[in-house]
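Numbering (our numbering), first residue to last: 678 to 1072.
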C-alpha cells in the first residue's frame, strides 16, 4: 500500500520575519507588528523574543505593553508581506504542483510522487525557504492534512527558543493515532471551547481518550460532529489538496479609535465599507446575494444581522442600501458603536436575470454601467480611492 506524503508548512512569525528582513537591527529583539495602543491597536504578530514575556497575537497592544513596557511596536507593511508570501508559494511549486495555500503564511503540499523520504523532502523545502528567501519555517509531515497540521504545531511547541523554531516534525504512516493520543483535545480540528468543555464533563482531556468512546455514543452526545471526532481522533483524514478556492464571503470592518454615537458619521463609515467590499467583489468578478452588518457596542457585545437581495450584486449602492436598512433597524440612536462591519456572502458570478419585460435597451444600459464601474475601479487603483466620486458620494 502506498501512503500519501502530505506536508504542512507554516512560516514562523511571518510578519516579524519580513520586518527583520526590512530592518535587520530587529533581530532577537522583543517587538510586535500591530496598531498603536492609543488607537485600540491589536497585535497582528510578535517576535519569539516578545512571546517570552507573554505577548501573543490578537492581544490588545495596550495589554502587550503592560506585559513588557519595552516592547517595540511596528506598523505593518502588508504589501511587503503579500509579496513575500507569493515568493514562498512560487518556491513551493518547485516541489509539487499540488499546493494548497490556506493563509498568507501557511500551505499544504502533496509530495506523494516524490520518491525521496519524507524527511529528505521536508529538509529540502525548509533549506530552500531559509536560504533563498531568508525566511524561517516549520513543517509537519504525515499521510494527511489533519495530522500534518497538528505535527507542525507540536514541532514548534517542542522548541523553546528566543528565535524561530524552524522545526520539522514527521509522523510515519500507521503512527497517526499514537502521535495524537497524548495531545490535548483542543488541538484536534473541530474542538473549540464549547466542545472542549463538553468533553471535559465526561472526563475526556486527551485525544486518545476519545478513541475509547463508541462512535454511537459520540454521535448521541455531539450530533454530526461525533462522526468526525471518531475519525479524527484516530488520525483519519481523506481530504485532498485543493489548489483553487472560491471565497465564501467578503467583508470589511473598522474599529474606531473612539466610540461613535453620531448617526451621520456611522452612515459615512457604512458607505466606505460598502465601497471597499464591492471593490474586492468586482476585482474577483464575484457578486453576492446576502448583505451582512456587524455592530459591536462599547461593552464589546457584538450583533450581526443579514438580509438577502433579489439579485446577485457587487454594486456599492445596492450593498449600502441593504446595510443601512439593517443598521437603522438595529442601532439605537445615541448608543456608542465600537466596531462597524459590512460583508457580502452567497457569492457567485455577477449574473443578472432579466425578466420577461426587460428589453435589449436594459441590457445595453447594464453593460454601460458595468463599463463605467470598471473605469472607476481602474482610476481609483491608479490615483487613489477618492480621486473620483459617484454623484451621491460625499467629498
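Backbone N, C-alpha and C fix where the C-beta goes; we use that ideal spot for every residue, glycine too.
Every value quoted in this text rests on a predicted model; they were computed, and no experiment measured them.
8 Å contact criterion, which residue i and residue j should meet: CB distance rounded
| i | j | result |
| --- | --- | --- |
| residue 904 | residue 886 | Contact doesn't hold; Cβ gap of about 18 Å is too wide. |
| residue 980 | residue 1007 | 6 Å |
| residue 1019 | residue 950 | 4 Å |
| residue 777 | residue 990 | At roughly 30 Å, the Cβ-Cβ gap does not stay under 8 Å, so residue 777 and residue 990 are not in contact. |
| residue 954 | residue 927 | 6 Å |
| residue 719 | residue 711 | 6 Å |
| residue 948 | residue 997 | 6 Å |
| residue 693 | residue 724 | 5 Å |
| residue 958 | residue 896 | Their Cβ separation, rounded to whole angstroms, is 39 Å, which puts residue 958 and residue 896 out of contact at 8 Å. |
Residue i classed as buried or exposed, judged by whether at least 16 other C-beta atoms fall within 10 angstroms
| i | result |
| --- | --- |
| residue 1036 | Residue placement at residue 1036 is flagged as unreliable, the pLDDT there being 43, under the threshold of 50; a coordinate-derived value is accordingly withheld. |
| residue 691 | buried |
| residue 741 | buried |
| residue 771 | exposed |
| residue 716 | exposed |
| residue 727 | buried |
| residue 976 | exposed |
| residue 689 | buried |
| residue 889 | exposed |
| residue 813 | buried |
| residue 871 | exposed |
| residue 900 | exposed |
| residue 756 | exposed |
| residue 713 | exposed |
| residue 995 | buried |
| residue 796 | exposed |
| residue 965 | buried |
| residue 925 | exposed |
| residue 973 | buried |
| residue 721 | buried |
| residue 929 | buried |
| residue 808 | exposed |
| residue 705 | exposed |
| residue 869 | exposed |
| residue 759 | exposed |
| residue 762 | buried |
| residue 855 | exposed |
Same chain, Cβ closer than 7 Å to residue i, neighbours up to 5 away in sequence not counted
| i | result |
| --- | --- |
| residue 820 | 680, 681, 683, 850, 853 |
| residue 909 | 823, 865, 866, 867 |
| residue 829 | 685, 687, 815, 816, 817, 846 |
| residue 788 | 682, 684, 772, 773, 798 |
| residue 894 | none |
| residue 836 | 842, 844 |
| residue 729 | 839 |
| residue 811 | 698 |
| residue 1003 | 970, 982, 984 |
| residue 859 | 883, 885 |
| residue 1001 | 944, 947 |
| residue 1079 | Examination of residue 1079 is not possible in this model, given that the chain is present from 678 through 1072 alone. |
| residue 935 | none |
| residue 780 | none |
Spatial neighbours of residue i in its chain, beta-carbon cut-off 6 Å, leaving aside the 5 residues before and after
| i | result |
| --- | --- |
| residue 863 | 873 |
| residue 993 | 951, 952, 955 |
| residue 739 | 714 |
| residue 857 | 884, 912 |
| residue 736 | 720 |
| residue 932 | 717, 1016 |
Residue i Cβ short of 6 Å to the ligand COA heavy atom set
| i | result |
| --- | --- |
| residue 1018 | What this structure holds is no ligand at all, so the ligand COA is not there to describe. |
Cβ-based neighbour list, residue i, same chain, cut-off 8 Å, excluding 5 preceding and 5 following
| i | result |
| --- | --- |
| residue 696 | 703, 708, 710, 751, 754 |
| residue 999 | 968, 984, 986 |
| residue 660 | Residue numbering for the chain in the displayed model covers 678 to 1072; residue 660 lies beyond these limits and cannot be assessed. |
| residue 745 | 707, 727, 730, 731, 732 |
| residue 962 | 1026, 1027 |
| residue 832 | 815, 816, 817, 842, 844, 845, 846 |
| residue 875 | 898, 899 |
At a cut of 8 Å, does the region 1009 to 1016 reach the region 932 to 945 through at least three beta carbon pairs? yes
Any beta strand (DSSP E) of 3 or more consecutive residues that is wholly inside the region 927 to 999: 965 to 974, 979 to 990
Touch test, the region 745 to 753 against the region 764 to 780, Cβ-Cβ under 8 Å, three pairs minimum: no
How do the region 832 to 850 and the region 791 to 804 stand: do at least 3 beta-carbon pairs fall below 8 Å, yes or no? yes
I'd like to know if the region 777 to 787 and the region 869 to 887 are in contact, where contact means that at least 3 CB-CB pairs between them fall below 8 Å. no
Contained alpha helix (DSSP H) runs [length at least 4] in the region 833 to 889, N- to C-terminal order: 853 to 857, 870 to 878, 884 to 888
Threshold first: 4 residues or longer. Then list the alpha helix (DSSP H) segments lying entirely within the region 725 to 789, N to C. 725 to 728, 738 to 744, 755 to 769
Note down, one range per segment and in chain order, each alpha helix (DSSP H) of at least 4 residues found wholly within the region 887 to 927. 892 to 899, 901 to 909
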